[in-house]
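Take the sequence shown: its letters are residues -7 to 307, numbered as in our numbering.
Just so it is clear, CB atoms sit at the ideal spot from N, CA and C, and this is done for glycine as well.
Worksheet: the structure to be examined is printed underneath.
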Amino acid sequence: MPGGRLVSCSMIAVVVALLAATVDAQFPKLRVPKAPSVPGIKAPSAPAATETSQKSFECSQITEDLVERLLKGDEAARKAYEAAQKAYDAEMAKAKAKRAEADAIEAKRAQGTMGALMQNAECKDAFKEKDPRAREIARLEDQVAAADEAGDEKKSDALHKKLGALTEPLELDADRACGGKGSAALHDCMEQKKVALAKQGITGPMLTVQAQGECMSDPSTSGIAGMTGESDEEKTLRAEADATERQAKEAKQQADRDASKTESDESGVNDRDRAIFVECCVGVENKDPVWLAKTPAEARAVLQKHEGQLERICK
């Protein structure tokens, strides 16, 4: 019946509408917010994902104005670099002067040590000449020489032991008689160190080696009469020289960075575009077919016009 078909169609329409409403309720539509507008910046017109925000510089963009700006930036950077180098050289000269002053004190100290050492040696020689052991030592040394010449190693070793038993005590006695600041000071220090190191469990040859190393590290017990360590004045001068050099290098590095920025600011050309400009310039100068093809006649004429001025930049 016609009426029945109309009712069925109406019912179907109602069911479809209800289903659509249910789906909308379960899965709400996603709304993507619009990007806020920024004054002075035009919204992009759906760029490709790989498109760069800035076009690279090309040789065809070389103009008189560009070259003049690059030359202006290079001149500003040159002055900045020269000022930085001058300041750096002045600070390094100060550091060098401090080191020279410290070296002079060290040299004077070394001369004093040498004088004291020679005086100590003369004093000990005079003492040994009067000691009877010196004559016995001389006699044994002659016997050692004869044994060595005869190839008698056993006899030579025995004689060396006798020499050692006389030579070391005589050396210590002579040094003590002359102030005790040479071999006697080293000997006494080692004896004390050995006792302390033995309590720490150190034994054998290492006991003597470590004791000797610790004693010789101290100028007053090194075994060299008259030897002194670095004075406070020397330490201060060298520390000041180190600090001055370090600060000068740091300041120079910062000044170089500032000079590079000055060049970009004055020319209005960033480092990437400047590097491409240099490639164009060098390529044209070398008459490279590839770069000549990239550089129109007008651009080549500008480069040739300023060839001498661009020598600092295009190298």
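- Contact between the region 158 to 176 and the region 134 to 145 is absent: fewer than three C-beta pairs spanning the two stretches fall below 8 Å.
- Contact between F269 and L62 holds, with the beta-carbon distance rounding to 7 Å and staying under 8 Å.
- By the Cβ neighbour-count rule, D265 is buried, with 16 or more other Cβ atoms within 10 Å of its own.
- If you keep only unbroken alpha helix (DSSP H) runs of at least 4 residues inside the region 220 to 281, you get 224 to 259, 263 to 277.
- Between A68 and E255, the CB-CB gap stays under 8 Å.
- Spanning the alpha carbons of G215 and K88 requires a straight line of approximately 33 Å.
- Cβ-Cβ distances below 8 Å link G104 to G218, T220 in the same chain, with the five nearest sequence neighbours on each side left out; the list follows chain order.
- Annotated three-state conformation of A82 is helix, per DSSP.
- Minimum Cα-Cα distance from K71 among the listed residues K253, Q53, K191, E121 corresponds to K253.
- Sequence-distant partners of D263 (beyond 5 residues in either direction) whose C-beta falls short of 7 Å from its own C-beta, in its chain, are S256.
- Burial is judged here by how many other beta carbons sit within 10 angstroms of a residue's own beta carbon; A75 has fewer than 16 and is exposed.
- When DSSP states are grouped into helix, strand and coil, E290 belongs to the helix group.
- Of all C-beta pairs linking the region 198 to 217 to the region 174 to 183, three or more are shorter than 8 Å, placing the two stretches in contact.
- Of all alpha-carbon atoms in G65, E93, E50, V276, the one lying nearest the alpha-carbon of S223 is that of E93.
- In the displayed model, S175 falls within a helix according to three-state DSSP.
- Collapsing the DSSP output to three states places T213 in a helix.
- Taking 8 Å as the cut-off, the beta carbon of M84 is found no closer than this to the beta carbon of A243.
- Within the region 132 to 160, there are no complete alpha helix (DSSP H) runs of at least 4 residues.
- In the structure shown, C170 adopts coil according to DSSP, grouped into three states.
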